[in-house]
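Chains as they are written, first to last, in full-length UniProt numbering: chain A, 1 to 454; chain B, 1 to 454.
The structure under discussion appears below in the form of structure tokens.
2 protein chains.
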Amino acid sequence: MTPSSALGGPGSHSVSSTGGTASSTALLTDHYELTMLQAALRSGAAHRRCVFEVFARKLPQGRRYGVVGGTGRLLEGLRHFRFGEAELGWLSERRVVDEPTLEYLRDYRFSGDITGYPEGEVYMPHSPVLRVEATFAEACLLETFVLSVLNHDSAVASAGSRMTMAADGRPCVEMGSRRTQEMSATAAARAAIMTGFAATSNLEAGRRWALPTLGTAAHAFTLLHDSEEEAFRAQVETFGPRTSLLVDTYDVDAAVRRAVEIAGPELDAVRLDSGDLVEQAHHVRQLLDALGNVGTRIIVTSDLDEYAISRLQSAPVDAYGVGTQLVTGSGAPTASMVYKLVERDDASGAPVQVAKQAVGKRHVGGVKYPLRMLGSDGRADTELIGVGASPEAEDEAHRELMVPLVRDGEIFGEYTGAEGLRRAAQRHRRSTAELPPAALRLQPGEPVLPTIFV
Amino acid sequence: MTPSSALGGPGSHSVSSTGGTASSTALLTDHYELTMLQAALRSGAAHRRCVFEVFARKLPQGRRYGVVGGTGRLLEGLRHFRFGEAELGWLSERRVVDEPTLEYLRDYRFSGDITGYPEGEVYMPHSPVLRVEATFAEACLLETFVLSVLNHDSAVASAGSRMTMAADGRPCVEMGSRRTQEMSATAAARAAIMTGFAATSNLEAGRRWALPTLGTAAHAFTLLHDSEEEAFRAQVETFGPRTSLLVDTYDVDAAVRRAVEIAGPELDAVRLDSGDLVEQAHHVRQLLDALGNVGTRIIVTSDLDEYAISRLQSAPVDAYGVGTQLVTGSGAPTASMVYKLVERDDASGAPVQVAKQAVGKRHVGGVKYPLRMLGSDGRADTELIGVGASPEAEDEAHRELMVPLVRDGEIFGEYTGAEGLRRAAQRHRRSTAELPPAALRLQPGEPVLPTIFV
């Protein structure tokens, strides 16, 4: 698949992955990426071949695994990482960098290689989820953008995965747009679908990545009408009985009876958004059944997270609507990934492993080669990471984890767009299914696979 | 000031507040806003005059006050809240709504009034921070977008305010772009500046709202070179001695001596990014002074939040770089504001106060009129909220809190753009200065002003 056809080029006005349209993503970065470039151009080191790796030193407190999210968005955004006249003009006017640096930026195209865990793959502490190989100049410029995308989307994906695991097949719907920044909302919706959510309420995400969207009515719709009956009638007349009626604006019991009376036995669903949901779900189920509406589903929404979903599994709930806790990463709004230089050429062109020694922030120098080791039962049991060379694992069952995402600047299109997301969702299912059963535990604990460097 | 000139219209390709360019913001919304519109158009209630209010039921756990953020971005985005052919085509193709609804959307322009706490103002639980008055159809459509902007930006502003309060005049710099979604990063940078941060590392935010940006170098720049000395020399040759050198890649002591040797007495700053910052700041200060660099500043960065800043106040630190904890709201990544219908006309055109009765989610019906009551010392002492009519407070010192932001669809331009942000920052200073001293306390406690309904 050739990538450049999938989205517009830098000059077009088609929708991009990140902003409203395909304008440049190149200023979505930190000032110091450009000043480092300027100083490195001057010292001559800017053209040294470098390897940067992205990893998280640890998972959020007590989490058993993480899920890589955002790779597709990252590649989509990379296509628009170009310095046009608008960007160059501003950098020049504000004297962010000097003229030779502006000249370099004018011609900037990422021409290196990017390898990584494909989107949807499970990761552990220190898993090298992305590797960027290019000159310092080319790779340095991408740091902030790469981290912004991966840190946000992986945080949402890691939370979303726990929620769909807890829901154990019951559909989850993403409804958190209003609780996060408006563009984050689209990215969060995408990450949710990737981890098994059935649909999202976010229309822009639906448009951008061909996601199923849904929604019916809020309390305001009921309050707008002179009575609940009028509101229900308006909704059923408009959408037919295969709709979802919100039954907790006034009195739940009365609302359920009214909903059944108006919509009849075909009523698709009632939604509960407050109170003790376990108790209410049981009560409403009995009432619906008693009224003959055995096929009417119960949807619950109200500050749900993976723990609440788990508690509700014993109740007769048919679907979960999840908002705030999903889009804010359920207590871990960022995946805390970093982008570190691990190897670079010296003046003679020979590669040198490098690592900083800062207290508490050391990292392991050298290019990493990860393998997921599998036990005799086919379950994953170790994250094995070779430094400098791939570990020898011929005799043991294992799985390669890294795939080429960009080669010589050419983006592998199969990881982008709606199709890329569909594949990521499949990968998420396979990768989580391969984990030991302890991965399902919600209580705090150690990562489910030990990370071993060899 | 006329607003429409400040930013491009819906058809232009200038930069908007939300996406990369001035494309529509209208699909940054939930599916159900449009289905409610369709059902209300059918029932006829869509054209009833409505009042929606935005408020937070509570502050994040233990917080003393909140800060309204995002009003300017909201108004900037409202200009681009239009359904163009691209949006209508997708809605039609996916059958999100029917043909009459699409016709309504085609002509959609918000023509109502928006009143609210101006950006930078302090808010309390139940403060009506925004009031939207329009037909149901017009006001309903804005819900998700309004909440996304206010919830995110207010969360960051509320955290940022505590950090600048804790820093007590020492400059804070926002550096969190890499820890949040790439477009959230620009909004977070803006909110930080509004609450007194001196600068941001985010270039796109700098371009968009004329913010001061800064940054020099990361550990990768040192590691790129064959020695720390080469790296420091490259940086000082490029930017002169008035630069900031990062001194914790290898050995802090050696690096500080090296920095002084290379840059001389004019060296602007050294940056510490790891370890025990209090202890290190004291040590590095002594070393710099002993070397004669009494004017060289010490900048610290490393997972800072308001508590860490407070602890560092006793150390000889000259500036704080703040990242993750700022952009993720320091434990409260969303302000949890809601958008509730509080009044609407009945069939005869007479206004009716409305409120839902859902357990734990009740709200107070009727239009609210808030006043900030002031004590004899000029300090704020109560958030007084009149329901249905402004409270009588002629004899007592007080301040009006709500200002017109949009009238008959015309946006008041003084709240938007770089100038609007500058005014919001002034307002934040004044509004926080007026709070009782307990507002400065970082330990968990009650909101510093009681909210009283009359």
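Quick reminder that beta carbons are idealized off the backbone N, C-alpha and C, glycines included.
Model, not experiment: these values are computed from the prediction.
I'd like to know whether the C-beta atoms of residue i and residue j end up nearer to each other than 8 Å.
| i | j | result |
| --- | --- | --- |
| B/GLY69 | B/ALA191 | yes |
| A/ALA187 | B/GLN443 | no |
| B/ARG178 | B/THR328 | no |
| B/PRO316 | B/ILE298 | yes |
| A/ALA335 | A/LEU150 | yes |
| A/PRO118 | A/LEU59 | no |
| A/THR195 | A/HIS428 | yes |
| B/ALA424 | B/GLY120 | yes |
| B/LEU224 | A/LEU341 | yes |
| B/ALA350 | B/ALA210 | no |
| B/TYR339 | B/GLU33 | no |
| B/GLU343 | B/VAL51 | yes |
| A/SER154 | A/GLU383 | no |
| B/ARG170 | B/ASP318 | yes |
| B/VAL129 | B/GLY116 | yes |
| B/PRO265 | B/ASN293 | yes |
| B/ALA393 | B/MET373 | yes |
Need the endpoints of the beta strand (DSSP E) that residue i sits in, please.
| i | result |
| --- | --- |
| A/ARG407 | 403-407 |
| A/PRO450 | No beta strand (DSSP E) contains A/PRO450, which DSSP labels as neither H nor E. |
| B/GLN353 | 351-353 |
| B/TYR32 | From DSSP, B/TYR32 is part of no beta strand (DSSP E) but of the alpha helix (DSSP H) over 31-43. |
| A/TYR320 | 319-322 |
| A/ASP345 | 337-345 |
| A/GLU400 | 398-400 |
| B/GLU383 | 380-387 |
| A/ARG233 | Where A/ARG233 is concerned, there is no enclosing beta strand (DSSP E), although the alpha helix (DSSP H) it sits in stretches over 228-239. |
| B/PRO212 | Unbroken run through B/PRO212: none, as it is neither H nor E. |
| B/GLY116 | 113-116 |
| A/GLU99 | Here A/GLU99 belongs to no beta strand (DSSP E); instead the alpha helix (DSSP H) covers 99-106. |
| A/ALA269 | 269-272 |
Measure how close the beta-carbons of residue i and residue j come, nearest whole angstrom, since I'm counting them as under 8 Å.
| i | j | result |
| --- | --- | --- |
| B/ARG399 | B/LEU435 | With 8 Å as the limit, B/ARG399 and B/LEU435 do not qualify as a contact, their Cβ atoms being about 12 Å apart. |
| B/GLY365 | B/GLN357 | With 8 Å as the limit, B/GLY365 and B/GLN357 do not qualify as a contact, their Cβ atoms being about 10 Å apart. |
| B/ASP248 | B/ASP273 | 6 Å |
| A/GLY215 | B/THR35 | 6 Å |
| A/LEU78 | A/ILE411 | 6 Å |
| A/GLY66 | A/SER158 | 5 Å |
| A/THR243 | A/ASP268 | 6 Å |
| B/GLY321 | B/MET175 | 5 Å |
| A/LEU405 | A/ILE114 | 5 Å |
| A/ALA438 | A/ARG64 | 6 Å |
| A/LEU421 | A/GLY160 | That belief does not hold up - the Cβ atoms of A/LEU421 and A/GLY160 are roughly 13 Å apart, past 8 Å. |
| B/PRO212 | B/ALA220 | Rounded, the Cβ-Cβ distance is 24 Å, inconsistent with contact. |
Taking the continuous alpha helix (DSSP H) assigned at residue i, which residues delimit it?
| i | result |
| --- | --- |
| A/SER244 | Premise fails: A/SER244 lies in the beta strand (DSSP E), 244-246, not in any alpha helix (DSSP H). |
| B/ALA255 | 252-263 |
| A/VAL284 | 277-290 |
| B/PRO125 | Neither: B/PRO125 is in no alpha helix (DSSP H) and is coded neither H nor E. |
| B/PHE52 | Careful: B/PHE52 lies outside any alpha helix (DSSP H), inside the beta strand (DSSP E) at 49-56. |
| A/LEU88 | 85-93 |
| B/TYR307 | 306-312 |
| B/ARG427 | 417-433 |
| A/THR71 | 71-78 |
| B/THR222 | 219-224 |
Flag residue i as yes when its Cβ comes closer than 7 Å to any non-hydrogen atom of the ligand PLP, and as no otherwise.
| i | result |
| --- | --- |
| A/LYS361 | The ligand PLP is not part of this structure, which contains no ligands at all. |
Practice problem: Kindly confirm or deny that the region 54-62 of chain A and the region 222-238 of chain B touch, where touching means at least three C-beta pairs closer than 8 Å. | Solution: no
Quiz item: At a cut of 8 Å, does the region 256-264 of chain A reach the region 277-297 of chain A through at least three beta carbon pairs?
Solution: yes
Self-check item: the region 155-175 of chain B / the region 128-140 of chain B touching (three or more Cβ pairs under 8 Å)
Solution: no
Practice problem: Kindly provide the ranges of any alpha helix (DSSP H) runs that are 4 or more residues long and lie completely inside the region 147-203 of chain B, ordered along the chain. | Solution: 182-194
Quiz item: Taking one C-beta from the region 307-316 of chain B and one from the region 22-34 of chain B each time, how about it: are there three or more such pairs within less than 8 Å?
Solution: no
Quiz item: Any chance the region 83-98 of chain A sits against the region 193-213 of chain B, with 3 or more Cβ pairs inside 8 Å?
Solution: yes
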